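So the sequences go chain by chain: Y and B. The first sequence: position 156 = 156 (full-length UniProt numbering), numbered continuously. The second sequence: position 403 = 403 (full-length UniProt numbering), numbered continuously. The beta-carbon is built from N, C-alpha and C at its ideal position, and this holds for glycine as well. Every value quoted in this text rests on a predicted model; they were computed, and no experiment measured them. Read through the structure below, which is laid out as structure tokens, and then see the notes.
There are 2 protein chains.
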Amino acid sequence: MSALQEISLNIRNMKQLEYSVLARRTNQIKDELKKGVKKSYREVIDVSWGDPHRAGVKPLSFVRQVLAACIYPQLMDGDKLMVDVKQRAQMLLRACPGGSVGSYCATAGVPEIVERVSEYITRRDGGVPSHPENIYISSGSQWALTNILKVLVNSEASPRTGVLTPVPCHSTTILSLMALGAEVVPYYLREEQGWALDVEELQRAWGSAKEVCNPVGLYVINPGNPAGYVQSRKSMQEVIRFAAEKRLFLLADEVYQDCVFGEETEFVSYKRALAEMGSPLSDTVELASFHTTSKGLMGECGLRAGYVELVNLDPAVMKHIYSLFSADSCAPVLGQFALDVMTNPPQPGDPSYPLYMKETQHIRTSVAENVRRVEEVINSLPGFSCQPVEGGAFAFPRVFLPPKAIETAKELGMKPDTFYCMRLLEEAGVLSSPGSEYGQQEGTYHIRFCIMTPSEIMEEILRRLSTFHKRFMNEFS
Amino acid sequence: MSALQEISLNIRNMKQLEYSVLARRTNQIKDELKKGVKKSYREVIDVSWGDPHRAGVKPLSFVRQVLAACIYPQLMDGDKLMVDVKQRAQMLLRACPGGSVGSYCATAGVPEIVERVSEYITRRDGGVPSHPENIYISSGSQWALTNILKVLVNSEASPRTGVLTPVPCHSTTILSLMALGAEVVPYYLREEQGWALDVEELQRAWGSAKEVCNPVGLYVINPGNPAGYVQSRKSMQEVIRFAAEKRLFLLADEVYQDCVFGEETEFVSYKRALAEMGSPLSDTVELASFHTTSKGLMGECGLRAGYVELVNLDPAVMKHIYSLFSADSCAPVLGQFALDVMTNPPQPGDPSYPLYMKETQHIRTSVAENVRRVEEVINSLPGFSCQPVEGGAFAFPRVFLPPKAIETAKELGMKPDTFYCMRLLEEAGVLSSPGSEYGQQEGTYHIRFCIMTPSEIMEEILRRLSTFHKRFMNEFS
Numbered sequence: 001m002s003a004l005q006e007i008s009l010n011i012r013n014m015k016q017l018e019y020s021v022l023a024r025r026t027n028q029i030k031d032e033l034k035k036g037v038k039k040s041y042r043e044v045i046d047v048s049w050g051d052p053h054r055a056g057v058k059p060l061s062f063v064r065q066v067l068a069a070c071i072y073p074q075l076m077d078g079d080k081l082m083v084d085v086k087q088r089a090q091m092l093l094r095a096c097p098g099g100s101v102g103s104y105c106a107t108a109g110v111p112e113i114v115e116r117v118s119e120y121i122t123r124r125d126g127g128v129p130s131h132p133e134n135i136y137i138s139s140g141s142q143w144a145l146t147n148i149l150k151v152l153v154n155s156e157a158s159p160r161t162g163v164l165t166p167v168p169c170h171s172t173t174i175l176s177l178m179a180l181g182a183e184v185v186p187y188y189l190r191e192e193q194g195w196a197l198d199v200e201e202l203q204r205a206w207g208s209a210k211e212v213c214n215p216v217g218l219y220v221i222n223p224g225n226p227a228g229y230v231q232s233r234k235s236m237q238e239v240i241r242f243a244a245e246k247r248l249f250l251l252a253d254e255v256y257q258d259c260v261f262g263e264e265t266e267f268v269s270y271k272r273a274l275a276e277m278g279s280p281l282s283d284t285v286e287l288a289s290f291h292t293t294s295k296g297l298m299g300e301c302g303l304r305a306g307y308v309e310l311v312n313l314d315p316a317v318m319k320h321i322y323s324l325f326s327a328d329s330c331a332p333v334l335g336q337f338a339l340d341v342m343t344n345p346p347q348p349g350d351p352s353y354p355l356y357m358k359e360t361q362h363i364r365t366s367v368a369e370n371v372r373r374v375e376e377v378i379n380s381l382p383g384f385s386c387q388p389v390e391g392g393a394f395a396f397p398r399v400f401l402p403p404k405a406i407e408t409a410k411e412l413g414m415k416p417d418t419f420y421c422m423r424l425l426e427e428a429g430v431l432s433s434p435g436s437e438y439g440q441q442e443g444t445y446h447i448r449f450c451i452m453t454p455s456e457i458m459e460e461i462l463r464r465l466s467t468f469h470k471r472f473m474n475e476f477s
Numbered sequence: 001m002s003a004l005q006e007i008s009l010n011i012r013n014m015k016q017l018e019y020s021v022l023a024r025r026t027n028q029i030k031d032e033l034k035k036g037v038k039k040s041y042r043e044v045i046d047v048s049w050g051d052p053h054r055a056g057v058k059p060l061s062f063v064r065q066v067l068a069a070c071i072y073p074q075l076m077d078g079d080k081l082m083v084d085v086k087q088r089a090q091m092l093l094r095a096c097p098g099g100s101v102g103s104y105c106a107t108a109g110v111p112e113i114v115e116r117v118s119e120y121i122t123r124r125d126g127g128v129p130s131h132p133e134n135i136y137i138s139s140g141s142q143w144a145l146t147n148i149l150k151v152l153v154n155s156e157a158s159p160r161t162g163v164l165t166p167v168p169c170h171s172t173t174i175l176s177l178m179a180l181g182a183e184v185v186p187y188y189l190r191e192e193q194g195w196a197l198d199v200e201e202l203q204r205a206w207g208s209a210k211e212v213c214n215p216v217g218l219y220v221i222n223p224g225n226p227a228g229y230v231q232s233r234k235s236m237q238e239v240i241r242f243a244a245e246k247r248l249f250l251l252a253d254e255v256y257q258d259c260v261f262g263e264e265t266e267f268v269s270y271k272r273a274l275a276e277m278g279s280p281l282s283d284t285v286e287l288a289s290f291h292t293t294s295k296g297l298m299g300e301c302g303l304r305a306g307y308v309e310l311v312n313l314d315p316a317v318m319k320h321i322y323s324l325f326s327a328d329s330c331a332p333v334l335g336q337f338a339l340d341v342m343t344n345p346p347q348p349g350d351p352s353y354p355l356y357m358k359e360t361q362h363i364r365t366s367v368a369e370n371v372r373r374v375e376e377v378i379n380s381l382p383g384f385s386c387q388p389v390e391g392g393a394f395a396f397p398r399v400f401l402p403p404k405a406i407e408t409a410k411e412l413g414m415k416p417d418t419f420y421c422m423r424l425l426e427e428a429g430v431l432s433s434p435g436s437e438y439g440q441q442e443g444t445y446h447i448r449f450c451i452m453t454p455s456e457i458m459e460e461i462l463r464r465l466s467t468f469h470k471r472f473m474n475e476f477s
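This is how it looks when you write it as structure tokens:
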């Protein structure tokens, strides 16, 4: 094992330790409940993942019908499936060698699907053109991100390659950066301003980075994860100007683009914002934008499909990227089909449209209601504060832990917010994850939980959380 | 881009160039045929991949029915599906969080499936115990292999890390080794002895390697790809003793274990061979064995699922491997379900058993017949010679190219066997791949083509190949 591998192993283990303590205890509790051990709850609710189906959200019928028809085309013989389901399945199967989802496809994805994803992006961005040759479909967006990072990060460079990364940030990207030997350069989001991305803070981070590494990339998450902000066009323009000035490659994690809940809030892609700024910025700033079937209303995490669109990259680099993607023979074909449906859902007039609208609207309404209730309930509790959740799949409220709680945690060898999450799990049967997993300003503590649940489950979570939180604060005050 | 990245990029491009010239021309020919350009064939037959469905093999009904039921559980309401299909689907869905294939699962795979794969391995190996904690399910076996190589290969070491690799060898592993900065140490299989793996040749390769790198791994492919040999128990024992003596980690690519055609031929896993040799070897030789749903009779390449089983690894290394696998959130859940069926097919008495047997027997019989015909036809042609194909998915015959053909190829800037493949494509509409893609003894030339096709397609291929080959040899004699 190389020294680098050992270091990254240690850091990974540290990062994973906090959560794995909770996961292990969850499994024990589940076993205890099965054996009839009495607790104040009958089952553990797991909202520690960004995984809607795990949290009780139902899959979309159109997606599943199309996939089932593709898997077992004999299903199309009867009259059980709507005509648009059959047409979609036939179109997708025609695009597969041998007409089977069991065949390999091209490195960048099934060409017809890549084309349709590209058309979707053009529509989404109000006509800003997207080109199929700039799109790679992969086994999830994180795999695509890792491949792009491999191009950016020179693991042998001295000083090391730096990538500016938000705090808080979901841990998968940080782990990828560390595994590649990159320097993670933290910039802090302004919690008190609704987790705003502040360019002055980017400046500060870049300045401090220059002393220890060579910053080449800027990673942004919009809508946020774990913090549920949605960036304004103006904020994005500032970020783009900053990236241009410092010659940073922009890595835009936009996987929650379909999950925007604020009434006045709109998702604008970095690609669109960049195009609207015109030349020379629109011709020069290098950008990679990521999306996935795992997130959004579809929530098909287990199918493993995502894509990256690349903008303004040098042709030689594009060739290198092709090589990197070809190391994985191809993305799962069924996941690619789900991506086709995500980017090309049923349209008004299609037989499946009414049910599709009903199901997606139901999810939207439930999650919007969940968000309203989460903010209402949490902000009414003592020592608990939740910024507006405008998008994404998570609430990331701040817990003002009493000094006695912090001290007790330290005595137990736990981080204070892990201690809080552990007690919440133990006493109320709710599995959330601690802010220390994601990074937070020193001396502040948070918890993260998924808001994409059926409303009745969110009510139950809030009921358990409220009762627990009051008791906890009393105990340690 | 780092120097290393640049070098590996160049080598990759070289490796891919030969084939991509053929693939590009194939697309042009397909377009020409669509536009009505007259040729001696009506469509191109693509046997350049190890992809049975692409080559016309039909998917297995039981696999597809179970997956369709899991994707769209409403299908189980009617009476269209057999009771064992429903039971299997229900069992698999119970193992998923939220009962959905759309949920993430554990890093190593759905625990219940890992357990069942482990039981299968124990049965396969005549009772040699397999432990679920040593198994990782991944997005295809190649992804698992790359992760294991990451542990073995220290990209910063001097001298470089070496891995003994067979010649010929399918190119994906070679590309993975190069991308990680490993030294590929070639050992040549003995074509004239049916592509036998000769320990003396391993000794020679190891000796020559010691001068330029630090050999730590030995990669074996059994059954072979592209060469269709199946190793005997005795040969494996010799290889194991050699690995033990030189302290090499054994990487056993056993993805074609279900594709053995020789009448007297039997697949024995390296794990079983090792266990049978007893202590101290069975307790010390480090081994990774790979398998996949892409290969074998199922041929579900597009679902992307495989696994690795690890034997005799240090617990600290196992912990590191867990970290590497956790970088990819999880393998595609539907692929994992296919893996469950592959390792646990319907049994006598099950309602789906008769059809399952009929379909798998049909594939076995066709491929055995294909192999017989390929050997018969090719060995009857002048300047063409095919070793017995005992297993795997490919024939890899040697073409004795006339000096004039070699000269013409050089004038065209092509490798001689690429020139042969190009002419075969152009004149006969058969897409194969040249031996130079896989490595071969200098001065020898081969072509590789998939033998897993329906029998009538193989007859058509052999008819086209025979006519073409005779004309080609005449032209250049």
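Open item on the list: Just verifying my parser: in three-state terms, what is the DSSP assignment at B:D84?
Closed with: In the three-state reduction of the DSSP assignment, B:D84 falls in the helix class, which pools H, G and I.
Open item on the list: Can you look up Y:R448 in the DSSP assignment and give me helix, strand or coil?
Closed with: Strand, per DSSP.
Task: Three-state class that DSSP yields for B:R54 in the structure shown - done: B:R54: coil per DSSP, three-state reduction.
TODO: Identify every run of the alpha helix (DSSP H) within the region 174-223 of chain B, keeping only runs that are complete inside it and at least 4 residues long; order them along the chain.
DONE: Entirely contained in the region 174-223 of chain B, the alpha helix (DSSP H) runs reaching 4 residues are, in chain order, 199-209.
Open item on the list: Can you tell me which residues form a DSSP beta bridge with B:L310?
Closed with: DSSP output for B:L310 lists B:A288 as bridge partner(s).
TODO: Mind checking which residues open and close the beta strand (DSSP E) that includes Y:A252?
DONE: That run of the beta strand (DSSP E) goes F249 to D253.
Open item on the list: Rounding to the nearest angstrom, what Cα-Cα distance links residue 480 of chain Y and Y:S366 in this structure?
Closed with: Since the first and last residues shown for chain Y are 1 and 477, residue 480 of chain Y lies out of range.
- [ ] Give the secondary structure of Y:T360 by DSSP, where H, G and I count as helix, E and B as strand, and everything else as coil.
- [x] Reduced to three states, the DSSP call for Y:T360 is helix.
Open item on the list: Suppose contacts are defined by Cβ-Cβ distances below 7 Å. Is B:P397 in contact with B:I378 by that definition?
Closed with: Inclusion of B:P397 and B:I378 in the CB contact set at 7 Å is warranted, their separation being smaller than that value.
Open item on the list: Taking the straight line between their C-alpha atoms, what separation do you get for Y:Y187 and Y:V163?
Closed with: Cα to Cα, the separation comes out at about 10 Å.
Open item on the list: Taking a contact to mean a Cβ-Cβ separation below 7 Å, would you say residue 488 of chain Y touches B:S103 in this structure?
Closed with: Past the edges of chain Y, shown from 1 to 477, lies residue 488 of chain Y, and the structure says nothing about it.
TODO: For Y:L175, go through chain B and note every residue whose CB falls closer than 9 Å to its CB, in chain order.
DONE: Taking a Cβ-Cβ cut-off of 9 Å, the neighbours of Y:L175 in chain B comprise S323, S326 and A327, given in sequence order.
- [ ] For Y:V151, I'd like the list of residues in its chain whose CB is within less than 8 Å of its CB, leaving aside the five on either flank, ordered along the chain.
- [x] Result list for Y:V151: V317, H320, I321 and L324, in chain order.
Task: Nearest-angstrom Cα separation, counted from Y:L175 out to Y:R12 - done: Because the pLDDT of Y:R12 is 45, which lies under 50, any placement of that residue in the model is unreliable, and the number read from its coordinates should be weighed accordingly. Approximately 7 Å between the Cα atoms of the pair.
Task: C-beta neighbour in chain Y for B:L67, strict 7 Å - done: True, the Cβ-Cβ gap to chain Y drops below 7 Å.
Open item on the list: Does Y:S138 come out as helix, strand or coil in the three-state DSSP assignment?
Closed with: Three-state DSSP puts Y:S138 in a strand.
TODO: Give the secondary structure of Y:F261 by DSSP, where H, G and I count as helix, E and B as strand, and everything else as coil.
DONE: Residue state, collapsed to three classes: coil.
Open item on the list: Do B:G224 and B:P388 count as a contact pair if the criterion is CB distance below 7 Å?
Closed with: Against a cut-off of 7 Å, the Cβ pair of B:G224 and B:P388 comes out as no contact.
Open item on the list: Counting only Cβ-Cβ distances shorter than 7 Å, please list the residues of the region 333-361 of chain Y near chain B, keeping chain order.
Closed with: Taking a C-beta cut-off of 7 Å against chain B, the contacting residues of the region 333-361 of chain Y are V333, L334 and G335, listed in chain order.
TODO: Find the residues of chain Y that neighbour B:Q142, judging by a C-beta separation of less than 7 Å, and give them in chain order.
DONE: Within 7 Å Cβ-Cβ: S329.
- [ ] Tell me where the beta strand (DSSP E) around B:T293 begins and ends.
- [x] That residue, B:T293, is in no beta strand (DSSP E); it is neither H nor E in DSSP.
Open item on the list: I'd like the list of long-range same chain contacts for Y:Y353, defined as Cβ closer than 7 Å, with 5 residues on each side in sequence excluded.
Closed with: The residues are P346 and Q347.
Open item on the list: Just to confirm the assignment, what range does the alpha helix (DSSP H) spanning B:H423 have?
Closed with: The displayed chain sequence assigns Arg, not His, to residue 423 of chain B. If you look at B:R423, you'll find it in the alpha helix (DSSP H) that goes P416 to A428.
Task: Where Y:S40 sits in the DSSP three-state scheme - done: In the structure shown, Y:S40 sits in coil (DSSP, three-state: anything other than H, G, I, E or B).
Task: Cβ-Cβ distance between B:T165 and B:Y219 below 7 Å - done: Contact flag set, yes.
TODO: Using the DSSP secondary-structure output, state which residues sit across from B:T165 in a beta bridge.
DONE: DSSP lists B:P186 as partners of B:T165.
Open item on the list: Would B:G335 and B:L303 be called neighbours here (beta carbons separated by less than 7 Å)?
Closed with: Taking 7 Å as the cut-off, the beta carbon of B:G335 is found closer than this to the beta carbon of B:L303.
Task: Alpha carbon of Y:V308 to alpha carbon of Y:F419, nearest angstrom - done: About 38 Å.
TODO: Please classify B:D31: is it buried, with 16 or more other beta-carbons within 10 angstroms of its beta-carbon, or exposed?
DONE: So B:D31 ends up on the exposed side.
Task: Burial state of B:H446, where buried means 16 or more other Cβ atoms lie within 10 Å - done: It is buried - the Cβ of B:H446 has at least 16 other Cβ atoms within 10 Å.
- [ ] Starting from the beta carbon of Y:S139, find every residue of chain B whose beta carbon is closer than 8 Å, and list them in chain order.
- [x] Neighbours of Y:S139 on chain B, chain order: S139, R304, D328 and P332.
Open item on the list: For B:D84 and Y:E254, what's the separation of their Cα atoms in angstroms?
Closed with: Distance between B:D84 and Y:E254, taken at the CA atoms: about 42 Å.
- [ ] Please compile the residues from chain Y whose C-beta is within a distance smaller than 7 Å of the C-beta of B:P59.
- [x] Those within 7 Å of B:P59 in chain Y are S100 and G102.
Open item on the list: Using beta carbons (cut-off 7 Å, strictly below), is Y:Y72 in contact with chain B?
Closed with: At least one chain B Cβ lies under 7 Å of Y:Y72.
TODO: Put B:P434 into one of helix, strand or coil per three-state DSSP.
DONE: In the structure shown, B:P434 adopts extended strand secondary structure according to DSSP, grouped into three states.
Open item on the list: I want to see whether chain Y comes within less than 7 Å of B:D84, judged by CB atoms only; does it?
Closed with: So, not an interface residue.
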